[in-house]
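Structure first, then comments.
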Amino acid sequence: MATVLSVSGSPSATSRTARLLRHLDARLERHGHEVIPLDVRTLPAGALLGADFAHPAITRATALFARADGVVIGTPIYKAAYSGLLKSLLDLLPQYALEGKTVLPLATGGTTAHVLAIDYALRPVLNSMGAGHIVQGWFTLDKDLQTGPDGALTIAPGSAEALAQVVDRFSLALGGTPLLAAAG
Ligand SMILES: Cc1cc2nc3c(=O)[nH]c(=O)nc-3n(C[C@H](O)[C@H](O)[C@H](O)COP(=O)(O)O)c2cc1C
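Reading the sequence shown from the start, the letters are residues 1 to 184 in the UniProt record's numbering.
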């Protein structure tokens, strides 16, 4: 099936966005896809901030984008837009790094006032990078994402259902196997 790169753009060590992506990665795997997780915060800050295009970690990340058929881009909303950390990586990728790829944009945020940030802020950047097909994205309120003492993520029921739907549509766009209803 398809190869999916699942990119979290949160700088936080206890990121809800990253936990959410890792949770959704498992669903994509159940659809039959190979999923490669990438947390931008694990890349060297000096390379990101110093525009070190040739740094091995950056060239490795660039190669992961090149290899992927689909890309999940997850970001916390900071100051009404995507995170600066995410942008610092996108700026180091080739102009058309998303050419021909199917992209699922996801965001987490603290207020519904910024629910459209995916569309007014992130989507134009993804378009400018040549994304072939940007499927419907989803904004999840941070209060709907709770982490237990064991690190397990619990998603509020309404959000869980909406996220499952956008992931399933993304998978379908990538030619994934439909999940059995019972396996939900
Ligand atoms: C510096 C900063 C700025 C933020 N700005 C916004 C904002 O403008 N709009 C919003 O909805 N949430 C905002 N938030 C809340 C975060 O988007 C939200 O808590 C998110 O789920 C954090 O994700 P993370 O745990 O993956 O970093 C902000 C949080 C921080 C730390």
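All C-beta atoms in this analysis are idealised placements derived from N, C-alpha and C, irrespective of residue type, glycine included.
Quantities reported herein were computed from a predicted structural model and do not represent experimental measurements.
query = Near Ala182, what residues of its chain come up, given a Cβ to Cβ distance below 7 Å and the 5 sequence neighbours on each side ignored?
reply = Confidence at Ala182 is low in this model, with a pLDDT of 43, below 50, so the placement of that residue is unreliable and no value is reported for it.
ask   = For the candidate residues Pro76, Met129, Ala45, whose alpha-carbon lies nearest to that of Thr102?
value = Sorting Pro76, Met129, Ala45 by C-alpha distance to the C-alpha of Thr102 places Met129 at the top.
inquiry  = Does Tyr82 come out as helix, strand or coil in the three-state DSSP assignment?
reply    = The answer is coil: DSSP assigns Tyr82 none of H, G, I, E or B.
query = What span of residues does the alpha helix (DSSP H) with Leu5 cover, start to end?
reply = For Leu5, no alpha helix (DSSP H) segment is defined; the enclosing uninterrupted segment is the beta strand (DSSP E) at 3-8.
message = Would the stretch 146-163 count as touching the stretch 115-133 if we require 3 or more Cβ pairs under 8 Å?
response = At 8 Å Cβ cutoff, the stretches do not touch.
message = Checking 7 Å against the spacing of the C-beta atoms, do Leu126 and Leu64 come in under that value?
response = No, the Cβ-Cβ distance between Leu126 and Leu64 is not below 7 Å.
ask   = Going by alpha carbons, who is nearest to Gly74 out of Gly32, Ala113, Gly50, Leu20?
value = The candidate whose alpha carbon is nearest that of Gly74 is Leu20.
inquiry  = I'd like the span of the beta strand (DSSP E) that includes Val72, first residue to last.
reply    = Where Val72 is concerned, the enclosing beta strand (DSSP E) starts and stops at 70-76.
query = Any heavy atom of ligand 1 within a distance shorter than 6 Å of the CB on Lys79?
reply = Under cutoff, so the answer is yes.
task = Output the distance between the C-alpha atoms of Val167 and Leu141, rounded to the nearest integer angstrom.
result = The alpha-carbon atoms of Val167 and Leu141 are separated by roughly 17 Å.
ask   = Hey, which unbroken runs of the beta strand (DSSP E) at 3 residues or more fall wholly within the stretch 108-153?
value = The stretch 108-153 contains these whole beta strand (DSSP E) runs: 138-141, 145-147.
task = Could you tell me whether any non-hydrogen atom of ligand 1 is closer than 6 Å to the CB of Gly46?
result = Relative to the non-hydrogen atoms of ligand 1, the Cβ of Gly46 never comes closer than 6 Å to any of them.
query = What do you reckon, are the CB atoms on Ala48 and Ser10 nearer than 7 Å?
reply = One point to set straight first is that residue 48 is Leu, not Ala, in the sequence displayed. At a Cβ-Cβ threshold of 7 Å, Leu48 and Ser10 do not count as neighbours.
request  = For the beta strand (DSSP E) containing Val35, list its first residue and its last residue.
outcome  = Counting along the chain, the beta strand (DSSP E) containing Val35 begins and ends at 34-39.
ask   = Count the other CB atoms within 10 Å of the CB of Asp39; is the residue buried (16 or more) or exposed (fewer)?
value = Buried.
message = Assuming Pro56 is part of the alpha helix (DSSP H), what are its boundary residues?
response = Element bounds for Pro56: 56-67.
DSSP state of Thr14 mapped onto helix, strand, coil = Three-state result, Thr14: coil.
query = Taking Cβ to Cβ, would you say Ser8 is nearer than 7 Å to Thr17?
reply = Taking a C-beta distance under 7 Å as the contact criterion, Ser8 and Thr17 qualify as a contact pair.
Distance, Leu43 Cα to Phe53 Cα = Rounded to the nearest angstrom, the two C-alpha atoms are 12 Å apart.
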